[in-house]
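Student: Below: one structure in structure tokens.
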Amino acid sequence: MIQVFTFYLFATLLIASGAFTIFSRNPVHSVLWLILAFFNAAGLMVLVGAEFIAMLLVIVYVGAVAVLFLFVVMMLDIDFAELRAGFMKNVPLGILLAIIFVCELIFGIGAYRAGKIELADAPVNPAREGASNIEAVGELLYTKYIFLFETAGIILLVAMVGAIVLTNRKRAGVRPQKVADQVARRPEDATRNMQPEVGKGVEL
Amino acid sequence: MSVGNSLYLVAPEIILGASGLLLLLIGAWGGFKSSRLVSILAVAALFAASAVAFEFLTNPSFADGGDAFFGQYRVDKFSALTKLLIYISAIVSIIIAPRFFENAGSRRTSAMRPEYPVLILFASVGMGMMVSAVDLMTLYIGLELNSLAAYVLASFLRNDERSAEAGLKYFVLGALASGILLFGMSLLYGFTGTTSFNGINQAFEGGLSTGALFGLIFVLAGMAFKISAVPFHMWTPDVYEGAPTPVTTFFATAPKVAALALTMRLAIEAFGSQVAAWQQIIIFIALASIVVGAAGAIGQTNIKRLLAYSSINNVGFILIGLAAANQAGASAMLVYLMIYVAMTLGSFVAVLDLRDADGNQVEEISSLAGLSKSRPALAAAMAIFMFSLAGIPPLFGFWGKFLVFEAAVKADLILLAALGIAASVIGAFYYLKVIKVMYFDEPADVVVKSDSKSHAIIIALCALFVSPLGYLLIPVLGNIADQAAAALFWAF
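Just so you know, the protein sequences line up as chains A and B, in that order. Residue 188 in this note's numbering sits at position 179 of the first sequence, and the numbers go up by one each step. Residue 725 in this note's numbering sits at position 119 of the second sequence, and the numbers go up by one each step.
Laid out in structure tokens, this is it:
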């Protein structure tokens, strides 16, 4: 009973936040609605027993992708009024695309009903019997596929090195803080005690 | 198969990967000044990895090879031989780099940075995985590691417009090719239920479904991009011209050896039971590469572009050996690859040695006029490389061509061999044009003397290898290549 209730709760919220993502006028709100949609989708994944995918959704999509969207939307100075001005001009194209997608959906469902393609038999499941998804993925990654997993790490490192090599440079004309110098400066180097006489200014 | 044994078999990759990480730290703390130290240590690491590969190649206890990590990675004579070629090319690319980048930087600062040798090391790890891959996942990860490092290297001179353009072009087209390859691999996995080459081969024995055929074609298309075979060669001249010359030297040798070796292993070990399905594709891309490589080079005025077309042309000749689809063809390909690496390294280092009085690189062919008067030794070496690339008999380049054509004729591909020989005559034209400019044109007096000992030594060694003296090595090279090719045909 509780499962059915949670399913409808998550599903309703997912569709609602998806709709708000599209209809909200403020792009920042759109991204926030998108994040809510991701969380609800993750809830649905937990319900069907795919807890690993649920965690991926939250960590990767919310933690990285959506935050990146948010940064882009907030950093870039996009004139949304101008973007909306071209709306009517592009409506025919949009409708055409929508029709194509609907046709593809109908074809896809029809083909699915007609029977599946002759694929190979599903390979033997290499995971340990009775392991949860996360345990199975972890065990395989760190035993059977350790070599590939570590090399994938090196690929990411190379990408990082590449980004730094190609963009990092010494910038001229910047005044960075010299923390050590600032801390080492004593009051007597920077201040003087003055005894100004009445009616006269201070000589600097 | 214990983990310890697996780790021992991947020793070349571990040596290179670990020293890459260590050198990255040295570079991060030492800054630009540590470039020299990092380069020397990187060369030492590559020599250590070569020693391990040499051990795998010659030690009789590895005669049957071995699989590491549950059949994802194989050590055999084929992988050991190609790894040696790759590491030698990488060593040369590191040795020739500092001189080039010192002149290429702005007046005060050198453009040589410690990341250059580190990226070459990581690329070598990727290439080592490519030639040892017996699983689609190893293949893809190795290929991506190599490609990603290559994209960065292509635009290493980031202030140079041509270099940045080369990197961007290579990145966009390379990503597209990776996508095609990955799509093909997913189709293969779906229709055979396995990612291991052996498993795919067994699944193909029962016949080839349409979906699997599409997968095979997509995978071969992705590989054709990496070896710059003809329908997918468009990036090659631009990238070779724009990339810094040491990087071009690297691109024309090591990744090409790795991708060709990977194509051989895929075609023979994974698709070996359906030769008819891929043989016609290979025949087509071989012929098309030979013709386009020869015809496209004729109008070129930049020597690096000319050498790029020459490498397309040579890949076509090498693929003729694969079209034969037998052990003799594979052995011929390996001999050709060894000679090709020597010719290409030599000719690119010779190009690197061409500088004008201001220290700028000379790349125009017309500026080579009268090189025989101002730099007789360099002109002679260049002439040897050009004659050898053209496959003119007394030089060693002829032997490689002879072997692949012999293999093709024995496999009853007489028409292919005849067309290839005819097209190689077209190719000879532009090689001879370079020699004519150097020896018979009015001196242009652009190129000045060079005082680089390392260039001179590398050029001399390569020239000696491809000179008629190289024929003395035929028994040794032929024997190694036969054994390596036999390792590839273990299933037959």
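Here a beta-carbon is modelled for each residue, glycine too, at the ideal position from N, C-alpha and C.
Ala717(B) by DSSP, collapsed to three states: which one?
Tutor: To locate residue 717(B), count along the second sequence from 1; it is residue 111. Ala717(B) falls in the coil class under three-state DSSP.
Student: How about the region 649 to 669 of chain B and the region 737 to 753 of chain B: do they share at least three Cβ pairs that are nearer than 8 Å?
Tutor: These segments do not touch.
Student: Could you pull out every residue in the same chain whose Cβ sits closer than 6 Å to the Cβ of Pro704(B), ignoring the five residues on either side in sequence?
Tutor: In the second sequence, counting from the first residue as 1, residue 704(B) sits at position 98. So the list reads Met718, once near-sequence residues are dropped.
Student: Between the Cα of Ile1063(B) and those of Gly677(B), Ala983(B), Ala1013(B), Tyr1036(B), spot the shortest distance and give me the residue it belongs to.
Tutor: Here residue 1063(B) is taken as the residue at index 457 of the second sequence, counted from 1. Looking at the Cα atoms, Ala983(B) is the closest of the given residues.
Student: So for Gly124(A), helix, strand or coil by DSSP?
Tutor: Translated into positions along the first sequence, residue 124(A) becomes position 115. Three-state result, Gly124(A): coil.
Student: Could you list the residues in the region 679 to 709 of chain B with a C-beta less than 9 Å from some C-beta on chain A, going in chain order?
Tutor: Listed in sequence order: Tyr679.
Student: Can you pull the chain B residues whose beta carbon is under 9 Å from the beta carbon of Lys153(A), in chain order?
Tutor: Locating residue 153(A) in the first sequence gives position 144, where the first residue counts as 1. Per Cβ cutoff of 9 Å: Phe675, Phe676, Gln678.
Student: Exposed or buried, which one is Gly103(A) when buried takes at least 16 other CB atoms within 10 Å?
Tutor: In the first sequence, residue 103(A) corresponds to position 94, counting from 1. By the 10 Å Cβ count, Gly103(A) comes out exposed.
Student: Excluding the 5 residues preceding and the 5 following Leu687(B) in the sequence, name in chain order all residues of the same chain whose CB lies nearer than 7 Å to its CB.
Tutor: Stepping through the second sequence from its first residue, residue 687(B) is reached at position 81. Closer than 7 Å at Cβ, skipping near neighbours: Leu663, Leu940, Ile1086, Ala1090.
Student: Quick one: list the residues of chain B neighbouring Leu128(A), beta-carbon separation under 7 Å, in chain order.
Tutor: Taking the first sequence and counting its residues from 1, one reaches residue 128(A) at position 119. Neighbours of Leu128(A) on chain B, chain order: Gly796, Phe797.
Student: Kindly provide the ranges of any beta strand (DSSP E) runs that are 3 or more residues long and lie completely inside the region 614 to 696 of chain B, ordered along the chain.
Tutor: You should have 672 to 674, 679 to 681.
Student: Could you list which residues in chain A have their beta carbon closer than 8 Å to that of Ser769(B), in chain order?
Tutor: Within the second sequence, the letter at position 163 stands for residue 769(B). Within chain A, no residue comes near Ser769(B); the closest Cβ sits about 10 Å away, beyond 8 Å.
Student: When you compare only the Cα positions, how much space is there between Ala938(B) and Ala1092(B)?
Tutor: Taking the second sequence and counting its residues from 1, the one referred to as residue 938(B) is at position 332. Taking the second sequence and counting its residues from 1, the one referred to as residue 1092(B) is at position 486. The alpha-carbon atoms of Ala938(B) and Ala1092(B) are separated by roughly 12 Å.
Student: Please compile the residues from chain A whose C-beta is within a distance smaller than 7 Å of the C-beta of Phe728(B).
Tutor: Position 122 of the second sequence holds residue 728(B). Near Phe728(B) (Cβ distances below 7 Å), the residues of chain A are Ile163, Val167.
Student: Assuming Ile11(A) is part of the alpha helix (DSSP H), what are its boundary residues?
Tutor: Reading the first sequence from its first residue, position 2 is the one you call residue 11(A). 11 to 32 is the span of the alpha helix (DSSP H), which, as asked, contains Ile11(A).
Student: What is the C-beta distance between Phe156(A) and Val616(B), in whole angstroms, given that I count them as a contact (C-beta under 8 Å)?
Tutor: By 1-based counting over the first sequence, the position of residue 156(A) is 147. By 1-based counting over the second sequence, the position of residue 616(B) is 10. About 6 Å; that satisfies the 8 Å criterion.
Student: Taking three-plus beta-carbon pairs below 8 Å as touching, is the region 854 to 864 of chain B in contact with the region 881 to 894 of chain B?
Tutor: Result no; under three Cβ-Cβ pairs closer than 8 Å.
Student: Starting from the C-beta of Asp1088(B), find all residues in its chain whose C-beta is less than 7 Å away, skip the five residues before and the five after it, and write them out in chain order.
Tutor: If you number the second sequence from 1, residue 1088(B) lands on position 482. Here the set comprises Ser937.
Student: Within 10 angstroms of its Cβ, does Leu629(B) collect 16 or more other Cβ (buried), or is it exposed?
Tutor: Numbered from 1 along the second sequence, position 23 holds the residue referred to as residue 629(B). Under this definition Leu629(B) is a buried residue.
Student: Just the chain B side, please: which residues come within less than 8 Å of Pro132(A) by C-beta, in chain order?
Tutor: In the first sequence, the residue the question calls residue 132(A) occupies position 123. Per Cβ cutoff of 8 Å: Gly799, Thr800.
Student: Please confirm if Ser625(B) has its CB atom under 8 Å from at least one CB of chain A.
Tutor: Stepping through the second sequence from its first residue, residue 625(B) is reached at position 19. Chain A, which has no Cβ nearer than 8 Å to the Cβ of Ser625(B), makes this no.
Student: Closest to Phe789(B) by C-alpha separation, out of Gly812(B), Glu771(B), Asn807(B), Gly817(B), would be which residue?
Tutor: In the second sequence, counting from the first residue as 1, residue 789(B) sits at position 183. Comparing Cα positions, the closest option is Gly817(B).
Student: Out of curiosity, what's the CA-to-CA distance linking Asp959(B) and Ile694(B)?
Tutor: Stepping through the second sequence from its first residue, residue 959(B) is reached at position 353. Stepping through the second sequence from its first residue, residue 694(B) is reached at position 88. For Asp959(B) and Ile694(B), the distance between alpha carbons rounds to 19 Å.
Student: Please classify Arg961(B): does DSSP put it in a helix, a strand, or coil?
Tutor: Here residue 961(B) refers to the residue found at position 355 when the second sequence is read from its first residue. In the structure shown, Arg961(B) sits in a strand (DSSP, three-state: E or B).
Student: On the DSSP bridge list, what partners appear for Gln967(B)?
Tutor: Within the second sequence, residue 967(B) is the residue found at index 361, counting from 1. BP columns for Gln967(B) point to Arg961(B).
Student: Return the residues of the region 887 to 908 of chain B that lie within a Cβ-Cβ distance of less than 8 Å from chain A, sorted by chain order.
Tutor: Within the region 887 to 908 of chain B, no residue has a Cβ that lies closer than 8 Å to any Cβ of chain A.
Student: Determine, using beta carbons only, whether Ala755(B) comes closer than 8 Å to chain A.
Tutor: As a position in the second sequence, residue 755(B) is number 149, starting the count at 1. It does: the Cβ of Ala755(B) has a partner Cβ on chain A nearer than 8 Å.
Student: Quick one: which chain A residues come within Cβ less than 7 Å of Arg764(B)?
Tutor: One-based indexing of the second sequence puts residue 764(B) at position 158. Result: Leu175.
Student: Any idea what DSSP makes of Ser769(B), helix, strand or coil?
Tutor: As a position in the second sequence, residue 769(B) is number 163, starting the count at 1. Reduced to three states, the DSSP call for Ser769(B) is helix.
Student: Take every Cβ of the region 747 to 767 of chain B, pair it with every Cβ of the region 161 to 181 of chain A, and state whether three or more of those distances are shorter than 8 Å.
Tutor: With a cut-off of 8 Å, the region 161 to 181 of chain A and the region 747 to 767 of chain B count as touching, because enough Cβ pairs lie within range.
Student: Alpha carbon to alpha carbon, what distance is there between Gly1084(B) and Gly922(B)?
Tutor: Taking the first residue of the second sequence as 1, we reach residue 922(B) at position 316. Taking the first residue of the second sequence as 1, we reach residue 1084(B) at position 478. About 21 Å.
Student: Mind checking Met203(A): buried by the 16 CB within 10 Å criterion, or exposed?
Tutor: Position 194 of the first sequence holds residue 203(A). So Met203(A) ends up on the exposed side.
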